[in-house]
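In what follows, a structure is listed as structure tokens, so that the remarks can point back to it.
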Amino acid sequence: MAHHKEERTFVIIKPDGVQRTLIGEIIGRYERLGLKLVAMKMLVTNEDHVEAHYTLDPTWRTVTGEKTIKSYKDKGLTPPSEDPLEITAKILLGLKKYMTSGPIVAMVWQGAHAVKIVRKVTGSTEPLSSDVGSIRGDFVLDSYQMSDTDSRAIRNLVHASGSPEEAEMEIKHWFKPEELTKYRLIADEMLYDVNIDGILE
Ligand code: ADP
Ligand code: MG
């Protein structure tokens, strides 16, 4: 099995993150965790690439629809539909428009628990209920109600992989193997070395 420090996750700063001039802030949040940036590029994507990205995980349509329905019910509200797939079909239309509206920044971060720790710092999907201190909780104010009223995707600044398996599929979808850089980060020694020696002279 690969060492924990080999785990990778895939992140996109979405068009609103770029337009809100939060690129540096967002990268800084992941960088200061101790994760290592191993790939990064700015690009404009297209609708087919966005649809393929969100449907790499065959369960995404169901899970995302169900998550939306639950969020409405938890707030004592009526969801726009009881059919998760009907909800996700609409979300996907909105996502294609949102994700292609301007440049995005795609990144790969590596380190122990990369997937979980990036999701924690990113915050949950709906900014209205994301934790204070998370990127989605601190820098934006969208809600399911707002986005559904206007039939658009939730604007939550960032995409981050949901599992290590999803991350590996997404990295392949967005990067060529040669775009990933293997290098030694000196700070890694402080995080992972068993014997912290060689510091004192
Ligand atoms: P996450 O990005 O937190 O992993 P999902 O994978 O469930 O969330 O959904 C992907 C993206 O689709 C979200 O980040 C958000 O931009 C958008 N989205 C999800 N659910 C809804 C919804 N009910 N209404 C509008 N947009 C949504
Ligand atoms: Mg997701």
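23 is the number of the first residue of the sequence shown in the working numbering; add one for each residue after it. Ideal Cβ placement from N, Cα and C applies to all residues, glycine included.
For His26, which residues does DSSP report across the bridge? On the sequence shown, position 4 is the one that residue 26 refers to. Bridge partners of His26: none, in fact.
What's the C-alpha gap between Val60 and Ile221? Here the question's residue 60 lines up with position 38 in the sequence shown. Here the question's residue 221 lines up with position 199 in the sequence shown. C-alpha separation (whole angstroms): 26 Å.
Distance between Arg141 and Ile109 (C-alpha atoms, nearest Å): Here residue 109 corresponds to residue number 87 of the sequence shown, with the count starting at 1. Here residue 141 corresponds to residue number 119 of the sequence shown, with the count starting at 1. The alpha-carbon atoms of Ile109 and Arg141 are separated by roughly 23 Å.
Take Asp153 and list the residues in its own chain whose beta-carbon comes closer than 6 Å to its own, dropping the five residues that flank it on each side. Position 131 of the sequence shown, counted from the first residue, corresponds to residue 153. Result list for Asp153: Gly145, Gly159, in chain order.
Check whether the region 123 to 142 touches the region 69 to 87, counting contact only when three or more Cβ pairs, one atom from each stretch, lie closer than 8 Å. No, the region 123 to 142 is not in contact with the region 69 to 87.
First and last residue of the uninterrupted beta strand (DSSP E) at Ile113: Here residue 113 corresponds to residue number 91 of the sequence shown, with the count starting at 1. It is not in any beta strand (DSSP E) - Ile113 instead sits in the alpha helix (DSSP H) that spans 106 to 121.
Rounded to whole angstroms, what is the Cα-Cα separation between Trp82 and Ile157? The sequence position of residue 82 within the sequence shown is 60, counting from 1. The sequence position of residue 157 within the sequence shown is 135, counting from 1. If I take the Cα positions, the gap works out to 22 Å.
Across which residues does DSSP place Met129 in a beta bridge pair? As a first step, residue 129 is located in the sequence shown; it is residue number 107 there, counting from the start. According to DSSP, which records beta bridges pairwise, Met129 is partnered with Val33, Met62.
By the three-class DSSP mapping on this structure, what secondary structure does Ala182 have? In the sequence shown, counting from the first residue as 1, residue 182 sits at position 160. Note: Ala182 maps to strand in three-state DSSP.
With a floor of 3 residues, list each beta strand (DSSP E) that falls wholly inside the region 152 to 183, ordered by position along the chain. 180 to 182
For Ile176 and Pro186, what's the separation of their Cα atoms in angstroms? Along the sequence shown, one-based indexing puts residue 176 at 154. Along the sequence shown, one-based indexing puts residue 186 at 164. Rounded to whole angstroms, Ile176 to Pro186 spans 24 Å at the Cα level.
Quick one: grab the DSSP three-state call for Glu190. Translated into positions along the sequence shown, residue 190 becomes position 168. Here Glu190 sits in helix by DSSP.
Alpha-carbon to alpha-carbon, Val180 and Phe161: Along the sequence shown, read from residue 1 onward, the residue named residue 161 stands at position 139. Along the sequence shown, read from residue 1 onward, the residue named residue 180 stands at position 158. CA-CA distance, Phe161 to Val180, rounds to 11 Å.
So Ile48 and Gly39 are in contact, right, with Cβ under 8 Å, and what is the actual spacing, rounded? Translated into positions along the sequence shown, residue 48 becomes position 26. Translated into positions along the sequence shown, residue 39 becomes position 17. The pair is a contact, with the Cβ atoms about 6 Å apart (cut-off 8 Å).
What is the rounded straight-line gap between the Cα of His25 and the Cα of Tyr214? What you label residue 25 is simply residue 3 of the sequence shown in a count that begins at 1. What you label residue 214 is simply residue 192 of the sequence shown in a count that begins at 1. Approximately 10 Å between the Cα atoms of the pair.
Taking 7 Å as the cut-off, is the CB of Ile176 close to at least one heavy atom of ligand 1? Residue numbering aside, residue 176 sits at position 154 when the sequence shown is read from its first letter. At least one heavy atom of ligand 1 is nearer than 7 Å to the Cβ of Ile176, so yes.
Please go through the same chain and pick out, in chain order, the residues whose beta-carbon is closer than 8 Å to the beta-carbon of Arg42, but skip the five residues on each side of it. As a working mapping, residue 42 is identified with position 20 in the sequence shown. Closer than 8 Å at the Cβ level, and outside the excluded window around Arg42, lie Phe161, Val162, Leu179.
Counted within 10 angstroms of its Cβ, other Cβ atoms place Ala189 as buried (16 or more) or exposed: Counting from one through the sequence shown, the residue named residue 189 turns up at place 167. Classification of Ala189: buried, given that the 10 Å Cβ count is 16 or more.
Kindly examine ligand 2 and report whether one of its heavy atoms sits closer than 7 Å to the Cβ of Gly133. Taking the first residue of the sequence shown as position 1, residue 133 is located at position 111. No, Cβ of Gly133 sits at least 7 Å from all heavy atoms of ligand 2.
Exposure label - Met121; buried when at least 16 CB within 10 Å: Your numbering for residue 121 matches position 99 in the sequence shown. The residue is buried, with at least 16 neighbouring Cβ atoms inside 10 Å.
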